Structures are given as C-alpha cells and as structure tokens.
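2 protein chains.
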Amino acid sequence: MQDHPVAQAARAAPLFDRIALIGLGLIGSSIAHACRRAGLARHVAGYARSPETRETAAKLGFLDSVHDLASDAVEGADLVILCVPVGAMGPVTKEIADALKPGAILSDVGSTKGSVIAHTAPHVPQGVQFIPAHPLAGTEHSGPEAGFAELYDNRWCILTPLPGNDPAAVARLRKFWEGMGANVDEMDPDHHDLVLAVTSHTPHLIAYTMVGVADDLQRVTNSEVIKYSAAGFRDFTRIAASDPTMWRDVFLNNKEATLEILGRFTEELFALQRAIRTGDGNMLHDYFTRTRAIRRGIIEAGQDTDLPDFGRMPVRRD
Amino acid sequence: MQDHPVAQAARAAPLFDRIALIGLGLIGSSIAHACRRAGLARHVAGYARSPETRETAAKLGFLDSVHDLASDAVEGADLVILCVPVGAMGPVTKEIADALKPGAILSDVGSTKGSVIAHTAPHVPQGVQFIPAHPLAGTEHSGPEAGFAELYDNRWCILTPLPGNDPAAVARLRKFWEGMGANVDEMDPDHHDLVLAVTSHTPHLIAYTMVGVADDLQRVTNSEVIKYSAAGFRDFTRIAASDPTMWRDVFLNNKEATLEILGRFTEELFALQRAIRTGDGNMLHDYFTRTRAIRRGIIEAGQDTDLPDFGRMPVRRD
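Quick mapping for you: the protein sequence lines, in order, are chains A and B.
Count along the first sequence from 1, add 21, and you get the number used in our numbering.
Count along the second sequence from 1, add 21, and you get the number used in our numbering.
What follows is the structure, encoded as structure tokens:
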C-alpha cells in the first residue's frame, strides 16, 4: 500500500494528538478513515448513541477507541467533531461540555449553520474554541459501514468561524480538512445557509416530493415507476434515499432560507407550466438552453464527471 | 473482439435486409452501433437534416450509407425508424411517405406516443406497418458522436402497437429491440404517456426549473452554485443538460399528462412546505422514510447501480 502524501508529512508530528468523533455514521466514519489515511492524529476516539453502531464501528476497526459515553470519548481530545444530525447538536454539546479539555477545538459537520450555532454555542465552555464547519460530501448510504477514506477528496468544506475564534485554531481546523482531502472555504453562517438552500436543501426536498408523488399515484403502478425509472426518475430516487432523520433536521433548522428558495422555485415552475399550457415553445427552448450552460460550468470546475449518465456502471440482470 | 451472442445467431440471416434511420443524434447513432454489434441488418442507411450531422456520421462510419434526402435513405428499407424530436415526426413522415416500400415497418423512438401517432399515422401509406415505439434510454449528451452500442442494454423499449398492426410485424420489431439489448414491453399509447409523465417528463421539468432558479438568484452567485453543487444540485444539472429541442417537443406533445402530474407534484410540495413552516418533523420523517423504499426497488429491479453516488468516477482537479 502506498503512503498518502499527507501521511508522510504528518508522521513526524500529527496535527492533533487526540481526536474525538461524536456520531459514527457515514460522515463520522469517513472522517476516521481519512484521519488514518493521512495520519492526522495519534489517537481517534469515537462515540455513537446506539449500541449497534458502536459495535459495528468496533468490529470495522476504524477507531482507536470506542466509548459508551460521549463525555468519555471527548476526554483529553484536542479536536472534537460533532457528526450527528443537526437537531442533536445542541443536546450532545450539553452532554460533553464539562468533559471538554481547555484549549480544545470543538467543531461539527452540520448542513445548517445558523441554527447549529444558536443551539450549540450557549453550551460551549470558556476556553474551548467552537468553530462550525460543513463538509459538502455524502452519499445516499448511511451508517458506519457506509464510510470510506475518499469521501472528502476534492469536495468543499465550509468553515463559518465565529467572531471570538482564535485565528490559529481556525488555521489548524482548515489544515485538518485539507488533510481530509477537501478544499476549504470560509463563509458567514447566514450566507452558508442560503447557498446550501439552493445547492442542496431545496433540491433534496424536490426530489423527495417527486418520488412521493410517483409512489402515491393510483393510475401508474409502483412496479411501472420502478421498471421505467431510467428515463430520469431514478436520479431523483438516489437523492430521496438519503437519511430521513438528517434531512428532517435540515429542513426544520434551515426553515427560512429553504422556504425562500422554494417560493422562487414554485414561481418559476408556474411560469414553465404556463408555457406548456399555452404552447410557448420558444420560452421552453430558451430556458432549457440556458440551464445546459450551468452543467458545463460544474464539469469544468471538477465537481462532476462528464461521462454519460455519471459514468454509471452498466447494470445487468442475470 | 468477442462476438456478441445475438450477432452469432444473426449471421446466417439478419433480421432485416435494409434498415433506414431518419435522424442521427444520440438515439439514431446508438441504434446504428447496436445494429452492427448484433448483425441485425445487411445494410443500415441513414439520413439527418443537417449537413454537419451527415458529415460527422459519414466520418464516424457507423452507417453503410448516408443520404442527403430522407426519401433516398428509406428506399428499399424493410424497417424505417424515425429518430427525430417528436415535433418533427409528422413532417418527416410526410416527406418519406411516397418512398416507403410496401410491406415495410415504420417505427419511431419518440418520448410521447399519443401525439406522435396523431401526427404520423395520417401520412402512412396503405401496406406500411406503422408500429410506434419508445426506447427508455438516453444520456445528457446529444449528437452523432454521443452514440454507443450499449445504450439500450438492459433498458426498456415500450411498443404501443396500433389496432390494425400485423402481429408478425410487431413480433419482428420486438425481436429487433431485443437484438438492441433491450427488454420489450407493450402498452396502450395513453397509458405510456402518463407513465412517462411520471418517470421522465415531470422529473425533467423540475430539474430544469431548479437549475433555472439557481441561475437566476442574485444573492447566491453563479460561481457559488457551481462550486458547491456536489451537495445535491449537480444531479439536477445533468438532467437539465439534455437536448433543448427534444424536450421542448416532449412538453408540447405530452401536455395533458405532464400538467396533471405537475398539479399533483405542486400539491405534494405545498404539503411538505407547510410541514417545514409549522415544524412538523414527524410528517417529514415519515415522508422521507417512505421514499427510501422506492430506491431499493429500483436497485433490486436492476435499473440502477447501488454504488454510492452512482459509482461516479473520482473527479480530480489537477
């Protein structure tokens, strides 16, 4: 096995002595794998609320220690990362607050930042640097078995530092995410929430809705929907297969921005619907031509593959 | 190069002596490639309206002959397939009608069936079997360079035979599509249009809308949308990069069914929007759990890959 370049650099002195991961689903377990790949910590400790998850994590062996209590996991850690659904960030912070080491960095991976800050910051003790973060990475799979070291490679991680943050701590967290393979950006929490409402939260809600509609119809059977899904629908089902708890919390915690973008979406949808009804082919053609350019931009920015159909593996039924 | 099993069987006697493809974009060129792979015809002739497309097709060499006139291409053909946008099906049929060989099968690949039948059937001469068809396959790329022999492998092709069709001709067309690698189904044209409104047309319109919204916003920049697209949005952009002319025609020609499903979609979206506004987490969680099961069904039916993120190739920026 070849050494990861970051690992070579880190061997002499890992970036952190001890990292604690609170939550061991897709995101937490992938951080653990990537930590190991890059040699970013001497010790990676982990905690999950469910005994099954802890057991699976222990069996898979991506952690140096698995703990039954969150407060035990964070003891002595220089970096604690909350990898739980955004609705659980506040309560879990309260649970670990007293055990946090003075001078530690506390961060998170939540998809919404405004509400996480509002619910978490009040519980953070003096002397602990709370630096919110959000790695824009994930798949439709969840749980500790779903994690892999490459999840963050070439993805973005957005930090939304708070006014009181020590610049040296922010720089260290940035270095950590670069070690995960990610590109790091900084942003104001409110702006983060609006950007994500556009690029993630609203698209997810729409995908969930479309899949729900298909599932509900009486005149088109479920088996027809499944059989003929390759015509476009199946792309929506991948997004709509994402973790229900995580996404419930996202919508409840980024309510304003999501509702704003949804309003814009509905407005636009009605305009297209009207063009269909009135037979305005030029309007439709112009619209569809404009949206093609965006795809080109995404491919040029290295954020997706240009292979037809995402380079899907040929699917065979044997 | 190993022989395709269908090719071995067909070598003695190809299914058709001469096939003519009218339209040489992604769909037409892929049919030509797959015809050759499976040895389904002694000769495959092709026509495209644009001289550039004809030139490219000739250069790529996937046809036995390229013609400047549609009526020349269909001369002596036992099977003629119209591979043009659905809005062009009627006019092109009128153009070739007099040149069609008595006893020939005329088919198409249109994504809408009711309107194609309404616009095409009146021009079909006596003695020609018009059997509408729709292969549910495609990618976001278009043009003759985009075609490949595997496009139809394990995809569905829906035939919507007409009351007067000769069962032997329908069986022969079915055999042809099986030779393309597809699974073949038969359906009533109206039901086809409703099923496709659910599995394809409405999802495409929604994807176009979402991408249009993102492009329009002033407060989130275009470069932010592109940079952070991996969070969900980029899946929509792939669908919204599909051929604008094809899709304009689809919506204008499957107006009723699309508007009906759009109505259902909006209703459902408003229910979810209301749940977000009122903070009804249980409703959201239940909804998101239900949609997950559909994805499972699609993977079990062999209609998509279970690899995370569609098995996207790792995208690197060098």
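Even for Gly, the Cβ is constructed at its ideal location relative to N, Cα and C.
On a predicted model such as this, the values are computed, not experimentally measured, just so you know.
Subject >> Identity of the residues DSSP links to L127 (chain A) by a beta bridge >> reply: A:V101, A:F151
Original post:
In chain B, what lies closer than 7 Å to F286 (chain A) by C-beta?
Top reply: T230, M231, V234
Original post:
Can you tell me whether A69 (chain A) is buried or exposed, with buried defined as 16 or more other CB within 10 angstroms of its CB?
Top reply: buried
**OP:** Take D325 (chain A) and list the residues in its own chain whose beta-carbon comes closer than 6 Å to its own, dropping the five residues that flank it on each side.
**Re:** I319
Original post:
So E207 (chain A) is in the beta strand (DSSP E); what residue range does that whole segment cover?
Top reply: 204-207
Original post:
Can you name the start and end residues of the alpha helix (DSSP H) that D187 (chain A) belongs to?
Top reply: From DSSP, D187 (chain A) is part of no alpha helix (DSSP H); its letter is neither H nor E.
Original post:
Along chain A, which residues have their Cβ under 7 Å away from the Cβ of G300 (chain B)?
Top reply: L273
Original post:
From the beta carbon of V219 (chain A), is the nearest beta carbon of chain B less than 8 Å away?
Top reply: yes
Original post:
S51 (chain A) and F169 (chain A): beta carbons closer than 8 Å?
Top reply: yes
Subject >> Simplified DSSP assignment, three categories, for D237 (chain A) >> reply: helix
Original post:
Nearest to G185 (chain A) by CA position, among A:Q147, A:E166, A:G44, is which residue?
Top reply: A:Q147
Subject >> Beta-carbon neighbours of K134 (chain A), restricted to chain B and to distances below 9 Å >> reply: Chain B residues near K134 (chain A): none, gap ~13 Å exceeds 9 Å.
Subject >> Span separating the alpha-carbon of A228 (chain A) from that of H144 (chain B) >> reply: 41 Å
**OP:** Output yes or no for whether 8 Å exceeds the beta carbon distance between R313 (chain A) and A262 (chain B).
**Re:** yes
Original post:
Of all Cβ atoms in chain B, is any one closer than 8 Å to the Cβ of Q239 (chain A)?
Top reply: no
Original post:
Should T279 (chain B) go down as buried or exposed, given a rule of 16 or more other Cβ atoms within 10 Å for buried?
Top reply: buried
Original post:
By Cβ distance, which residues of its chain are closer than 7 Å to G97 (chain A), with the 5 residues on each side in sequence left out?
Top reply: R39, K122
Original post:
Taking E245 (chain A) as the reference, which of B:P265, B:T266, B:A218 has the closest Cα?
Top reply: B:A218
Subject >> C-beta neighbour in chain B for Q324 (chain A), strict 8 Å >> reply: yes
Original post:
Since D214 (chain B) is in the alpha helix (DSSP H), which residue starts that stretch and which ends it?
Top reply: 210-217
**OP:** Please decide whether R58 (chain A) counts as near chain B, where near means a Cβ-Cβ distance under 8 Å.
**Re:** no
Original post:
Which residues in the same chain have their Cβ closer than 7 Å to the Cβ of L84 (chain B), if we skip the five residues on either side of it in sequence?
Top reply: A53, V65, A66, G67, A78
Subject >> Closest residue to E140 (chain B) among B:S132, B:A154, B:K115 (Cα-Cα distance) >> reply: Note that residue 140 (chain B) corresponds to His in the displayed sequence, not to Glu. It is B:K115.
**OP:** With 7 Å as the limit, tell me which residues of the region 62-86 of chain A have their beta carbon closer than that to any beta carbon of chain B; keep them in chain order.
**Re:** none
**OP:** Would you check if the region 299-314 of chain A and the region 255-275 of chain B touch, i.e. whether three or more CB-CB distances between them fall below 8 Å?
**Re:** yes
Subject >> Interface flag, I126 (chain A) vs chain B, CB-CB below 8 Å >> reply: no
Original post:
Comparing alpha-carbon positions, which option in A:T242, A:G82, A:G300, A:P112 lies nearest E166 (chain A)?
Top reply: A:G82
**OP:** May I ask which residues mark the beginning and end of the beta strand (DSSP E) holding A62 (chain B)?
**Re:** 62-68
Subject >> Buried or exposed (CB count within 10 angstroms, at least 16 for buried), K248 (chain A) >> reply: buried
**OP:** In the DSSP assignment, find the alpha helix (DSSP H) that holds I291 (chain B) and state where it starts and stops.
**Re:** Note on residue identity: the sequence assigns Phe, not Ile, to residue 291 (chain B). Where F291 (chain B) is concerned, the enclosing alpha helix (DSSP H) stretches over 276-299.
Original post:
CA-CA distance, L157 (chain A) and H213 (chain A)?
Top reply: 11 Å
Original post:
Mind checking if W177 (chain B) is an interface residue toward chain A, Cβ cutoff 8 Å exclusive?
Top reply: yes
Original post:
Is the beta carbon of V130 (chain A) less than 8 Å from the beta carbon of H155 (chain A)?
Top reply: yes
**OP:** Name the one or two DSSP bridge partners that F37 (chain B) has.
**Re:** B:A62
Original post:
Nearest-angstrom Cα distance between R311 (chain B) and L226 (chain A)?
Top reply: 14 Å
Original post:
Is there at least one Cβ from chain B nearer than 8 Å to I52 (chain A)'s Cβ?
Top reply: no
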